[in-house]
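S.K.:
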Amino acid sequence: MIGAIIGKELTEIRRDGRALGLLGIVGLLLVLGLTTGLATENAREREVLQAQADDSAVFLEQGEKNPHSAAHFSRMAHKPVAPLASFDPGVSSFMGQVIWLEAHSRNPAMFRAAEDAPELSRLENFSIAGVLTLILPLLVVLMGYGSIAGERERGTLRQLVGSGASPIHLLLGKFIVIAGVAFAVLAAAVAISTSFSLLSLSESGFSGGDLVLRGLSLLFVYGLYIVCLTAVTLLVSMLVAEARTALLLLLGIWVVTVVGLPRLSASIAEQVYPSPDSATFWEDTRASLQANRPPSESEDYVAVEREVVERALGRELRVDELDDLEINRGALRLEVSEVIDQEAYNAAYAELFANYEKQKNLRRMLSVLSPTIALQHLSRAYSGTDIGAHEHFSLEAERQRNDIVRAMNEDMMLNGAGESFGYLSPPEFWETVPEFDYRPPSVATAWSESARDLTILLFWGLAAMAAMFWFGADRTRV
Amino acid sequence: MSGLIREIRFLASDRAALLWLGIALLVACVSVILGLREIAAQRAVLNDLIEIDYAEREVLDTLYQDWGDVAYYTFHLTWDSPSDFAFAALGQRDTSPWKHQIRALALEGQIYETDAENPDFALIGRFDFAFAANLLAPLLLILLLHDLRSAERTAGRYELLSATAASRGSPWFARAALRTGALALCLIGPLWAGGLPGGAGASTLILASLVVILHIAFWWSVCVLVDRYGWTSPVNLTALVGAWLALAVIVPAAIKISVEAAVPLPDGGEILLTQREAVNDAWDLPKAATMEPFIERHPEWADYTEVGQPFEWKWYYAFQQVGDQTVEPLSQAYHDGRIGRDRLVGSLAWLSPPALAERAMQALADTNVAATLAYEQRVRAFHKALREYYYPRLFRGEPVSTASLEQRPQFQGNES
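For the record, the sequence lines run as chains A and B. If you read the first sequence in the working numbering, its first letter stands for residue 1, the second for the next number, and so on. If you read the second sequence in the working numbering, its first letter stands for residue 479, the second for the next number, and so on.
1. Does residue 206 (chain A) get closer than 8 Å to chain C when you measure Cβ to Cβ?
2. Would you please verify whether the beta carbon of residue 607 (chain B) is less than 8 Å from any beta carbon of chain A?
3. With H, G and I counted as helix, E and B as strand and the rest as coil, what does DSSP make of residue 580 (chain B)?
4. When the cut-off is 8 Å and only beta carbons count, does residue 600 (chain B) lie next to chain A?
5. Does the region 555-565 of chain B come within contact of the region 838-853 of chain B, defined as at least 3 CB pairs closer than 8 Å?
6. Please compile the residues from chain A whose C-beta is within a distance smaller than 7 Å of the C-beta of residue 711 (chain B).
7. Please determine whether the Cβ atom of residue 581 (chain B) lies at a distance below 7 Å from any heavy atom of the ligand MN.
8. How would you call residue 386 (chain A), buried or exposed, if buried means at least 16 neighbouring beta carbons within 10 angstroms?
9. Helix, strand or coil: how does DSSP classify residue 430 (chain A) here?
10. Rounded to a whole number of angstroms, what is the C-alpha to C-alpha distance between residue 156 (chain A) and residue 149 (chain A)?
11. Contact criterion: CB-CB distance below 8 Å. Does residue 282 (chain A) meet it with respect to chain B?
12. Residues bridged to residue 78 (chain A) by DSSP?
13. Name the chain A residues that come within less than 9 Å of residue 579 (chain B), Cβ to Cβ?
14. Name the one or two DSSP bridge partners that residue 556 (chain B) has.
15. Verify the CB distance criterion: does residue 754 (chain B) have a CB-CB separation below 8 Å to chain A?
16. Measure the Cβ-Cβ separation of residue 442 (chain A) and residue 88 (chain A) and say whether it is below 8 Å.
17. What distance in whole Å lies between the Cβ atoms of residue 465 (chain A) and residue 231 (chain A), which are believed to be in contact at a cut-off of 8 Å?
18. At 4 residues or longer, and completely inside the region 800-876 of chain B: list those alpha helix (DSSP H) runs for me, N to C.
19. Using beta carbons (cut-off 8 Å, strictly below), is residue 262 (chain A) in contact with chain B?
20. Is residue 358 (chain A) buried or exposed, if buried means 16 or more other CB atoms sit within 10 Å of its CB?
21. Can you give the beta carbon distance from residue 471 (chain A) to residue 238 (chain A), rounded, assuming they're within the 8 Å contact cut?
22. When you compare the CB of residue 18 (chain A) with every CB in chain B, is at least one pair closer than 8 Å?
23. Is there a Cβ of chain A sitting closer than 8 Å to that of residue 903 (chain B), yes or no?
24. With a cut-off of 8 Å on the beta carbons, I'd call residue 502 (chain B) and residue 618 (chain B) a contact; round off their distance for me.
25. According to a CB-to-CB cut-off of less than 8 Å, which residues of the region 80-102 of chain A neighbour chain B?
26. Listed from N- to C-terminal order along the chain, which residues in the region 355-366 of chain A have their beta-carbon within a distance smaller than 9 Å of any beta-carbon of chain B?
27. Might you give, ordered along the chain, the residues of its own chain that have their beta carbon closer than 6 Å to the beta carbon of residue 524 (chain B), omitting 5 neighbours on each side?
28. Closer than 8 Å, CB to CB, is residue 193 (chain A) near chain B or not?
29. Per DSSP, which one or two residues make a beta bridge with residue 65 (chain A)?
30. Between A:301, A:206, A:252, A:269, which has its C-alpha nearest residue 85 (chain A)'s C-alpha?
31. Ordered along the chain, which non-local residues of its own chain (more than five positions away) have a Cβ less than 6 Å from that of residue 190 (chain A)?
32. If the criterion is Cβ atoms closer than 8 Å, does the pair residue 381 (chain A) and residue 450 (chain A) meet it?
33. Alpha carbon to alpha carbon, what distance is there between residue 228 (chain A) and residue 570 (chain B)?
34. Could you give the distance in angstroms between the alpha-carbon of residue 445 (chain A) and the alpha-carbon of residue 388 (chain A)?
35. Give the single residue among A:30, A:467, A:282, A:437 whose Cα lies nearest to the Cα of residue 397 (chain A).
36. If the criterion is Cβ atoms closer than 8 Å, does the pair residue 145 (chain A) and residue 246 (chain A) meet it?
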């Protein structure tokens, strides 16, 4: 029986020019989104690789130089293009792309592509994810609004039930067809996007297995979204008397939950947990750096000095050895200040990212009203373009900053005794300063960090399905 | 008059229409309240920062006896105050910085600093009045108008109603005009209610209202156009939502992609790398290699270029300036490219009425790209003034004095 119902529904969709028309438009938009996404991300990736190569060449060819002077010049950490940025660019354009790994200072990322981009309304931030989030619901609504209400209006619902079709089979058949068509569109979009990303993997250094898992995760969460949309559409179609009323109501729900609420939730979250402005952030950070620095004669300071020297020598110092060592004391002070300041910098940035998390949590709560919000979080997390991914990059860049500044300070400390700041590192020294080999977090991290969003979306899917079948048993009995 | 009363009664009995109008009113109120709160928060932040800025400088002015130290350690807050109408269209204020702390060091390393706001929200955009009026309101109008005639046609009353009407088309026109007007009132009412007490000028509010009315009138005409085909309500609705998608999402996206391709910009990172390289190299180059290009720009200090010590502040600030000079062509190309992109977008925005209305609102609110670039120019001018203040003191080796510190340039905000 279900087979017959599925066949009938497919025929009706084929005959409905609007659904086919919209399907064509969605397909076109996905191709456009994919093409532009790939072009943008490939260009960005080329820029990143070129900039990394330039930066490396300039650093390695700086010749004989004072290592502290070189530590100020230092290196740049370029954020690699995320694994599935062509599918969902997420916040990539709205976060800095480059971090200057300078001595003394944990710099924020600079150069946001969004500042250079022409802007019209922010809705035009075009991507496959954007098309799927905004327009896929319309496709589902168009295919499904008349499913029950239309049959009831035409009197065919009575015929179907009269011919022995059980209400549950009837609903299931309609559900399978609508969700199936939408899922086919989704699967094609994810598969093509993932395949193209796989092809460009050789340069980016991401793992192919991780990328495939990310693609499957996206397929799963967008699939859940389709389940929600289809169930809600059929539910509304069951509950109202006329198909046109169902369409009107469903489009109203789309306007509120897909177009309006995601933005509203962001504005509310920003007002409840305001982001610190950069000037205040730096004022506070400078104050906490000052407060965190012990006097140079204090026990704490001397303990850090010992730790720094022991680490540089690779052995423990004897009790009175520190004062007698022939080392460059200026370089020791520089490295001690780096070690002490790390704690204050880490605390300041941790607080900043914790505030972002609070804002995200509030949006999560509001996603009880709109599954689109939870989907946005999941989509960016699995594409590797959310704030969590940026935080990981920022932490790794800071670790790299500590490593390279330490290498330069230690060279001056151990080899520049008696030369103060006149010591020059030999040209071959720069080869020994470690390169930034950034490994982005795997999809498992995205899974664990977005578990609550997944729970919310699962809840939405299950609740919508339960409501559809619960009411369906009665309302399809005519 | 009786016709109008009849239509008002008819509207009052249409629960769906009341629902959409109620949503429009709610959306407009919420957007205005959120916008006003956001601007109030930005003003509060600025007031605090300006106070701290002055207080810190007062303390620092007592600490250092050398102009080099004074210039090195003294930060100067620069800012772009929101206009009184910025609450309605927050525009670029969440993607581009509206405050910077500037020192007399190389400017190019300071001016592109990223703010600490949540990038997620910048991506999504703010729920401001411009969003409500330009993107949500057309959808609500579509829901209000799509079935005025088609519903009557389906019910079989269309011919009768048309035949008995005083003039052909008048009941439909009056009905549509009433709904369109009601929607406009639902939007403009909260705008004025929030804008006037918030300090927005009546002329700005009138212009903004005109933008809203014209934009809504455009969508009314689209509804009329679609209705002419005599389709059923669902087909009308689908076609109109399709038109919204095309004009509000697809055309702007196409414009953005085309403009980015047509007007390339130098890579921002390249500016920073080049400037950083120039500044860093200066430490190891002969002093003359810095002073020569500096003197080309500042011949008035040609008699003071001798640098006898391994480190002298005047040489330090000279190579900071030379660092900026090195990237001038790149920086200028970046600036010109952004202007070029904005101009081209301005011309192409005529293809998308929602985008055009958004740009008009941002222009009224001084939150557009032009305002951002104007602020950047004010920062550059202030930084130039700072250098011109410090150079005579650094090059002539004058002692630090309170009287001299009082002459130091103060950043002038753009408070309305």
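Glycine is no exception: its CB is placed at the ideal position from the N, C-alpha and C atoms.
M.R.: Looking at the coordinates:
1. Among the protein chains in the structure shown, which are A and B, there is no chain C.
2. Looking up residue 607 (chain B) in the second sequence gives position 129. No, because no Cβ of chain A sits closer than 8 Å to the Cβ of residue 607 (chain B).
3. Residue mapping note: residue 580 (chain B) aligns to position 102 of the second sequence, counting from 1. If DSSP states are grouped into helix, strand and coil, residue 580 (chain B) belongs with the strands.
4. One-based indexing of the second sequence puts residue 600 (chain B) at position 122. Yes - at least one Cβ of chain A is within 8 Å of the one on residue 600 (chain B).
5. yes
6. Within the second sequence, residue 711 (chain B) is the residue found at index 233, counting from 1. In chain order: 244.
7. This structure lacks the ligand MN, and indeed carries no ligand of any kind.
8. Taking the first residue of the first sequence as position 1, residue 386 (chain A) is located at position 386. Per the 10 Å Cβ criterion, buried.
9. The residue you call residue 430 (chain A) lines up with position 430 of the first sequence. Correct three-state label for residue 430 (chain A): helix.
10. Locating residue 156 (chain A) in the first sequence gives position 156, counting from the first residue. Locating residue 149 (chain A) in the first sequence gives position 149, counting from the first residue. Between residue 156 (chain A) and residue 149 (chain A), the C-alpha separation is close to 10 Å.
11. Taking the first sequence and counting its residues from 1, one reaches residue 282 (chain A) at position 282. By this cut-off, residue 282 (chain A) is an interface position.
12. As a first step, residue 78 (chain A) is located in the first sequence; it is residue number 78 there, counting from the start. Under DSSP, residue 78 (chain A) forms a beta bridge with A:98.
13. Along the second sequence, read from residue 1 onward, the residue named residue 579 (chain B) stands at position 101. Residues of chain A passing the Cβ test: 278, 279, 282, 283.
14. As a first step, residue 556 (chain B) must be located in the second sequence, where it is residue number 78. Looking at the DSSP assignment, residue 556 (chain B) forms a beta bridge with B:578.
15. For the purposes of this step, residue 754 (chain B) is identified with residue 276 of the second sequence, where counting begins at 1. Yes, contact with chain A.
16. In the first sequence, counting from the first residue as 1, residue 442 (chain A) sits at position 442. In the first sequence, counting from the first residue as 1, residue 88 (chain A) sits at position 88. It is not a contact, given that the beta carbons lie outside the stated cut-off.
17. By 1-based counting over the first sequence, the position of residue 231 (chain A) is 231. By 1-based counting over the first sequence, the position of residue 465 (chain A) is 465. Right, the Cβ-Cβ distance comes to about 5 Å (below 8 Å), so this counts as a contact.
18. Taking only runs of at least 4 residues, the alpha helix (DSSP H) segments lying wholly in the region 800-876 of chain B are 806-826, 831-843, 847-874.
19. Here residue 262 (chain A) corresponds to residue number 262 of the first sequence, with the count starting at 1. Residue 262 (chain A) has a beta carbon lying within less than 8 Å of a beta carbon in chain B.
20. If you number the first sequence from 1, residue 358 (chain A) lands on position 358. Under this definition residue 358 (chain A) is an exposed residue.
21. Numbered from 1 along the first sequence, position 471 holds the residue referred to as residue 471 (chain A). Numbered from 1 along the first sequence, position 238 holds the residue referred to as residue 238 (chain A). Their Cβ separation, rounded to whole angstroms, is 6 Å, which keeps residue 471 (chain A) and residue 238 (chain A) in contact under 8 Å.
22. For this step, residue 18 (chain A) is matched to residue 18 along the first sequence. With 8 Å as the cut-off, residue 18 (chain A) counts as an interface residue toward chain B.
23. This structure leaves residue 903 (chain B) out entirely; chain B is present only between 479 and 894.
24. Walking along the second sequence from the start, residue 502 (chain B) turns up at place 24. Walking along the second sequence from the start, residue 618 (chain B) turns up at place 140. Residue 502 (chain B) to residue 618 (chain B), Cβ: 5 Å. Contact.
25. 90, 91, 93, 94, 95, 96, 97, 98, 100
26. 355, 356, 359, 360, 363
27. As a position in the second sequence, residue 524 (chain B) is number 46, starting the count at 1. Excluding residues within five positions, the ones whose Cβ falls inside 6 Å are 557.
28. For the purposes of this step, residue 193 (chain A) is identified with residue 193 of the first sequence, where counting begins at 1. With 8 Å as the cut-off, residue 193 (chain A) does not count as an interface residue toward chain B.
29. For the purposes of this step, residue 65 (chain A) is taken as the residue at position 65 of the first sequence. DSSP output for residue 65 (chain A) lists A:425 as bridge partner(s).
30. As a first step, residue 85 (chain A) must be located in the first sequence, where it is residue number 85. Nearest of A:301, A:206, A:252, A:269 to residue 85 (chain A), Cα basis: A:206.
31. Residue mapping note: residue 190 (chain A) aligns to position 190 of the first sequence, counting from 1. Cβ neighbours of residue 190 (chain A) beyond the five flanking positions: 215, 218, 219.
32. Residue numbering aside, residue 381 (chain A) sits at position 381 when the first sequence is read from its first letter. Residue numbering aside, residue 450 (chain A) sits at position 450 when the first sequence is read from its first letter. Contact flag set, yes.
33. By 1-based counting over the second sequence, the position of residue 570 (chain B) is 92. By 1-based counting over the first sequence, the position of residue 228 (chain A) is 228. Their Cα atoms are separated by approximately 35 Å.
34. Residue 445 (chain A) sits at position 445 when you count from the first residue of the first sequence. Residue 388 (chain A) sits at position 388 when you count from the first residue of the first sequence. Going from the Cα of residue 445 (chain A) to the Cα of residue 388 (chain A) covers about 9 Å.
35. Your numbering for residue 397 (chain A) matches position 397 in the first sequence. Here the closest residue by C-alpha is A:437.
36. Residue mapping note: residue 145 (chain A) aligns to position 145 of the first sequence, counting from 1. Residue mapping note: residue 246 (chain A) aligns to position 246 of the first sequence, counting from 1. Taking 8 Å as the Cβ cut-off, residue 145 (chain A) and residue 246 (chain A) qualify as a contacting pair.
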